[in-house]
Amino acid sequence: MHEVSIMMSILDLAIEEARKHNAKKIQRITLEVGAKSGVVIDALEFAFETVTRNSIADGAQLTIHSIPYRGECISCGHQFDCAEFLLCDKCGNFGKIISGQELRIESIEVD
Amino acid sequence: MCLECGCSVKGEVTINGQKMEHHHHDHTHHDDHDHGDQGHHADHDGGREISIQRDILSKNNQLAEHNREHLQSKGIFSMNWISAPGSGKTALLEKLIQEYGESLQISVIEGDQQTDNDARRIINAGASAVQINTGAACHLDASMIHHALHQIDLEGTRLLVIENVGNMVCPTAYDLGEDLKVAIISAPEGEDKPVKYPDLLLTADVLLINKIDLIPYLDFNLENCIALSQKVNPQINIFPVSAKTGEGLQAFYDWFTSKGQISKGPA
Numbered sequence: 001m002h003e004v005s006i007m008m009s010i011l012d013l014a015i016e017e018a019r020k021h022n023a024k025k026i027q028r029i030t031l032e033v034g035a036k037s038g039v040v041i042d043a044l045e046f047a048f049e050t051v052t053r054n055s056i057a058d059g060a061q062l063t064i065h066s067i068p069y070r071g072e073c074i075s076c077g078h079q080f081d082c083a084e085f086l087l088c089d090k091c092g093n094f095g096k097i098i099s100g101q102e103l104r105i106e107s108i109e110v111d
Numbered sequence: 001m002c003l004e005c006g007c008s009v010k011g012e013v014t015i016n017g018q019k020m021e022h023h024h025h026d027h028t029h030h031d032d033h034d035h036g037d038q039g040h041h042a043d044h045d046g047g048r049e050i051s052i053q054r055d056i057l058s059k060n061n062q063l064a065e066h067n068r069e070h071l072q073s074k075g076i077f078s079m080n081w082i083s084a085p086g087s088g089k090t091a092l093l094e095k096l097i098q099e100y101g102e103s104l105q106i107s108v109i110e111g112d113q114q115t116d117n118d119a120r121r122i123i124n125a126g127a128s129a130v131q132i133n134t135g136a137a138c139h140l141d142a143s144m145i146h147h148a149l150h151q152i153d154l155e156g157t158r159l160l161v162i163e164n165v166g167n168m169v170c171p172t173a174y175d176l177g178e179d180l181k182v183a184i185i186s187a188p189e190g191e192d193k194p195v196k197y198p199d200l201l202l203t204a205d206v207l208l209i210n211k212i213d214l215i216p217y218l219d220f221n222l223e224n225c226i227a228l229s230q231k232v233n234p235q236i237n238i239f240p241v242s243a244k245t246g247e248g249l250q251a252f253y254d255w256f257t258s259k260g261q262i263s264k265g266p267a
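Here the protein sequences line up with chains A and B, keeping their order.
Start counting the first sequence at 1; every next residue gets the next number (the numbering used here).
Start counting the second sequence at 1; every next residue gets the next number (the numbering used here).
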């Protein structure tokens, strides 16, 4: 539900960077979105067109690299993919998060 | 719903009924929207890639850090309470104020879409409160808290509780500058609630399981609920409580007052 607000933050950062580089048009915005970032990619894509309209990113492409939710076992050190739980698929012990909470703007392509 | 959510409605955010005015501090980045008309620049050289590598919420996080420093410099311990609507956040706060209000000197920032009902409940319970109305927005952000802090008697506050907008998804992404993020679920919501909405638990320091006085009337197994919660977040601290009877609140109070950041104060 907060994807529109997230997308506006993305556009703010993108425009700020584009200005620093004296660009007049943003052609592409590339993001890194973790599976556990709390953001729905479909909703982000939906928000993108609306939020960028009449800005220097109007008509730009949105590229999203999704990052899997992964953990590392606190007892055996094994790294594993998580579905629901942060549990080691080798020894069954608890793990700590090593990826999946990313919400980053990676790069922009400008003219 | 999506299009009604977020910064597009910031102009409608009110604090104690007054429209929130945006102002900027020198040390924060400006966040003006300047659409279109960027003019021509001499060094225009065609398509090129600019690496940014920044957290999308970095501006919110900077403001949150500012709030955190501000609160800590005043010796105030702060919590951000997040739950679904109706889990009993305000009732728990009323009980906390009733039991420990005098020693803790509690101030509350209330976040709701509309009405100042909750702030009035807090004031009636004997604490001070500021009401933020978010309009259509589904979460509080660090900027709203920053503005609300200007309305609070910080010198007369030792514990600040921010009661977020009732929503288990969106508020979890926004750091407000709190010391503790507290998730609340209640027994009638079902014992599998921690698994159905895991993102909140994953980022929270504490889970309060409220309305345990109702367990005899429900198909709710407290042990199962705790076990599921620990599978989602092995580090989370769990306290079963009842806002109705006060059961379990002492354990929570003892725990957070022993964390070193807040003392029990004058008995």
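Don't be surprised by glycine CBs; every beta carbon is placed ideally from N, CA and C.
Do residue j and residue i have their beta-carbon atoms positioned less than 8 Å apart in this structure?
| i | j | result |
| --- | --- | --- |
| Ser78 (chain B) | Leu200 (chain B) | no |
| Leu218 (chain B) | Pro188 (chain B) | yes |
| Glu72 (chain A) | Gly92 (chain A) | no |
| Lys90 (chain A) | Tyr69 (chain A) | no |
| His146 (chain B) | Asn164 (chain B) | no |
| Arg57 (chain A) | Ile26 (chain A) | A small fix is needed here, since residue 57 (chain A) is Ala in this sequence, not Arg. Going by C-beta atoms, Ala57 (chain A) is nearer than 8 Å to Ile26 (chain A). |
| Asp111 (chain A) | Lys20 (chain A) | no |
| Gly135 (chain B) | Val13 (chain B) | yes |
Just reading off the beta strand (DSSP E) that residue i is part of, what are its end residues?
| i | result |
| --- | --- |
| Ser258 (chain B) | Run containing Ser258 (chain B): none; DSSP gives neither H nor E here. |
| Ala129 (chain B) | 128 to 133 |
| Asn61 (chain B) | Element bounds for Asn61 (chain B): not the beta strand (DSSP E) but the alpha helix (DSSP H), 58 to 73. |
| Ser99 (chain A) | 95 to 99 |
| Gln230 (chain B) | No beta strand (DSSP E) holds Gln230 (chain B); the alpha helix (DSSP H) holding it covers 222 to 232. |
| Gly71 (chain A) | 70 to 73 |
Identify the continuous alpha helix (DSSP H) that holds residue i and give its terminal residues.
| i | result |
| --- | --- |
| Asp116 (chain B) | Segment: none, Asp116 (chain B) is in no alpha helix (DSSP H) and carries neither H nor E. |
| Leu149 (chain B) | 142 to 149 |
| Ala91 (chain B) | 89 to 104 |
Could you tell me the alpha carbon to alpha carbon distance between residue i and residue j, rounded to whole angstroms?
| i | j | result |
| --- | --- | --- |
| Glu3 (chain A) | Ala125 (chain B) | 36 Å |
| Lys19 (chain B) | Gly246 (chain B) | 37 Å |
| Phe85 (chain A) | Met168 (chain B) | 18 Å |
| Ala18 (chain A) | Cys88 (chain A) | 43 Å |
| Glu94 (chain B) | Ala60 (chain A) | 50 Å |
| Ile29 (chain A) | Thr157 (chain B) | 44 Å |
Let me know if residue i comes out buried or exposed under the rule of 16 or more other beta-carbons within 10 Å of its beta-carbon.
| i | result |
| --- | --- |
| Ile98 (chain A) | exposed |
| Asp116 (chain B) | buried |
| Ser51 (chain B) | exposed |
| Pro198 (chain B) | buried |
| Asp254 (chain B) | exposed |
| Asp153 (chain B) | exposed |
| Ala183 (chain B) | buried |
| Thr172 (chain B) | buried |
| Asn54 (chain A) | exposed |
| His66 (chain B) | buried |
| Gly17 (chain B) | exposed |
| Arg48 (chain B) | exposed |
Inset, instruction - Could you tell me which uninterrupted alpha helix (DSSP H) segments, each at least 4 residues in length, are contained entirely in the segment 6 to 68 of chain A, listed from first to last along the chain? - result: 41 to 52
Inset, instruction - Go through the segment 156 to 202 of chain B residue by residue and report every complete run of the beta strand (DSSP E) that reaches 3 residues or more, in order. - result: 159 to 163, 180 to 186
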